[in-house]
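Counting in the UniProt record's numbering, the sequence shown runs from 1 upward without gaps.
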Amino acid sequence: MIIEKKGMSTSISKLVKDPSSLILVLISFAVLCLFVIYPLIYVIALPGATDWTTFFSKSRYGTALVNTVVSSSLSALTATVCGFIYAYSIHYSNIAGKKFFRFIAFLPILAPSVMTGLAFLLLFGRGGMVSQTLKAWFNVELDLYGLPGLWIVQTISYFPLAYMTITGVLRSISPNLEIAAQNLGARGFKLFRTITFKLALPGVINAFLLVAINCFADFGNPKLIGGNYSLLAVEIYGEIINNEPGLASVMGLILVIPALLVFVIQSKLLSKGSYSTITGKPVSGLNRVKTSRKTDILLFIFNSIMALFILSMFAITILFAFTKNFGRDNTFTLSHITKMVFNPSSPAVLNSLVLSLIASILAVGFALVLAYVVVRKPFPGKKILDFTAVLPIALPGTFVGLALIVAFSNGPIMLQGSAILIIVAMLLKQMPVGYRGLTASFKQVDKSIEEAATNLGADSRRTLTTIVFPMLQKTIVANFVYAFMKNMNTLSTIVFLITPKWVVAAVSIFNYAETGTYYWAAAVAVGLMGTTLATLGVMKLIFRSKVKIFDF
């Protein structure tokens, strides 16, 4: 105990002697306490006994909870299976068109998940192109609203997340192990089952958990496609609209439980070094054991079906955006794009761009500061700061938005209706990813370099800007690109925070789709994707090799 107290006093003494570090630590604690701890405590304390009684006494809320778990589990399972097969085909087969299939896997990331819901309505809704064709030709009524449609839409929306997670794992598996197993007699499915899949399994489980967290928080697709199949995220939205923040907070807290459970399991998997193999990095020059020709044919067919499904969703959205009223009047027009994207009275896409850029810069900047002080500076409360920094990633976006709106629409700090609250919400959801990446990067940088700068008279601020920042530039840029793309497409986290003055593109897509104004929803979606691609293109020109957009 005496040694611990002495160590703490030494840490405090060192911190006081370095004013720049002290300021950074204090700012870090202040920001996280204000925007993470305070809203969390507020939303926990807000519900009264009546709110809890109402939740547990009405069967509809219990049904919504069960539906959320069931639909999220099903969607996560199928998205993970599709992601694994797709990634396996890229790394272990001889199929043609691998670059094309990589590009297809990237496409859904360009658009908010609600655009998948919109495209699904345009194809398979009651007035959708496929539905109308089936009715006209075969007199078949297609009704995919509810769980079936939601299952399909969430699978397509989050399959790229599973693919990207699993492709990194498959890429890291050394061919040595597979070649050795083959030399010992393992062939075909036995080789796949005993070596490849066994090594990839922790990554596959991690992908499943990541997709499940996103499905728990999904709001737009259940609202558009779910029909009478109620989910907690939609119920929370309804209670906020009905001015029942206490009951909404109860449901938000219930929604957090499975999400936190998933996060704990995921953290345990990662802490065990799930992705490492006995031989470490793959040996250059060795070729992987490839699949048979019959398997290649099956994999190519599967990938082609996935690609066709994704391309059809983008194609139908583009057709609605550039025709007067697709299906009734197919005349080409730019009026929808002009009205929704370039009209000053409809600034949703511009708002998304401005808010996303600001939030992404702040998220990466704050993540850099946090990673620096946690890894490099000794101070009391470091573990608390680290835990609080990663906490938002474990919370569903719906809950984060709920906590912010109830905490800052009452009490001493009023931020309701301001752009600040939207930026904070975006920052909180993307900052933990950058923080984790930068923390890992800091640990790989030799501390003696910074110590040399300190010995030459540089304080923490100067060391951070002149030494650390240039060395970590690639990681910083990568995290900025990731944060920007996620912020441009976010819906669940900010849907409670939007006002008429600060409507963003993802919310506009949802609003127009819900009211049946599909051509305007499609125009906003196309404008959002175009703006995102153009911005990424500018970043690519500026940072060149540091920005890798299609490297999956």
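Here a beta-carbon is modelled for each residue, glycine too, at the ideal position from N, C-alpha and C.
- Between the alpha carbons of N243 and I236 lies a gap of roughly 11 Å.
- In the three-state DSSP reduction, K58 falls in the coil class, being neither helix nor strand.
- For the pair K294 and L110, the Cα-to-Cα distance works out to about 33 Å.
- Taking C-beta separations shorter than 8 Å and ignoring five residues to either side along the sequence, the partners of Y42 in its chain run A403, V406, A407, G411, following chain order.
- If you look at F35, you'll find it isn't in any beta strand (DSSP E); DSSP assigns it neither H nor E.
- Straight through space, the alpha carbons of A180 and L427 are spaced by roughly 47 Å.
- Annotation: A96 to F300 spans about 8 Å, alpha carbon to alpha carbon.
- Relative to the Cα of G227, the nearest Cα in the group K98, G149, V169, L491 belongs to G149.
- The C-beta distance from A207 to T80 rounds to 5 Å, short enough to meet the 8 Å contact threshold.
- Shortest Cα-Cα distance from V468 to any of G516, A483, V375 involves V375.
- Annotation note: the stretch 224-259 contains no uninterrupted beta strand (DSSP E) run of length 3 or greater.
- At the C-beta level, A217 and P396 come within 7 Å of one another.
- Note on T515: under 16 other CB atoms within 10 angstroms of its CB, so exposed under the neighbour-count rule.
- With respect to the C-alpha of I310, the residue from T531, T490, R544, M115 having the closest C-alpha is M115.
- Residue burial annotation: Q473 is exposed, with fewer than 16 other C-beta atoms found within 10 angstroms of its C-beta.
- The three-state reading of DSSP puts F219 in coil, since its state is none of H, G, I, E or B.
- Between A371 and L438 the beta-carbon gap is near 4 Å, inside 8 Å, which marks them as a contact.
- Unbroken alpha helix (DSSP H) runs of no fewer than 4 residues, entirely contained in the stretch 113-139, are found at 113-124, 129-138, following chain order.
- Taking a C-beta distance under 7 Å as the contact criterion, V390 and N479 do not qualify as a contact pair.
- The alpha-carbon separation between T333 and A315 amounts to approximately 16 Å.
- In this structure, the CA atom of F320 is about 53 Å from the CA atom of I23.
- The continuous beta strand (DSSP E) containing K324 extends over residues 323-325.
- Counting the other Cβ atoms within 10 Å of the Cβ of C215 gives 16 or more, which makes it buried.
- In this structure, the straight-line span from the alpha carbon of I27 to that of Y92 is close to 48 Å.
- One Cα belongs to K135, the other to G117, and the distance between them is close to 21 Å.
- Counting C-beta pairs with one atom in each stretch, the stretch 495-503 and the stretch 417-424 have three or more that are closer than 8 Å, which means they touch.
- In the three-state DSSP reduction, F159 falls in the helix class (H, G or I).
- Taking all protein chains in view, the Cβ of G220 is crowded by 16 or more other Cβ atoms within 10 Å, so the residue is classified as buried.
- By DSSP's assignment, F332 forms a beta bridge with T323.
- Taking the Cα positions, L46 is about 7 Å away from S249.
- Q266 carries a helical assignment under DSSP once its states are collapsed to helix, strand and coil.
- Every alpha helix (DSSP H) stretch that sits fully inside the stretch 341-387 and reaches 4 residues is listed by chain position as 348-376.
- G168 is the residue among I358, G168, M129 whose C-alpha sits nearest the C-alpha of Y86.
- Straight through space, the alpha carbons of I413 and I156 are spaced by roughly 40 Å.
- CA-to-CA, the gap between W137 and I509 works out to about 31 Å.
- If you look at T465, you'll find it isn't in any alpha helix (DSSP H); DSSP assigns it neither H nor E.
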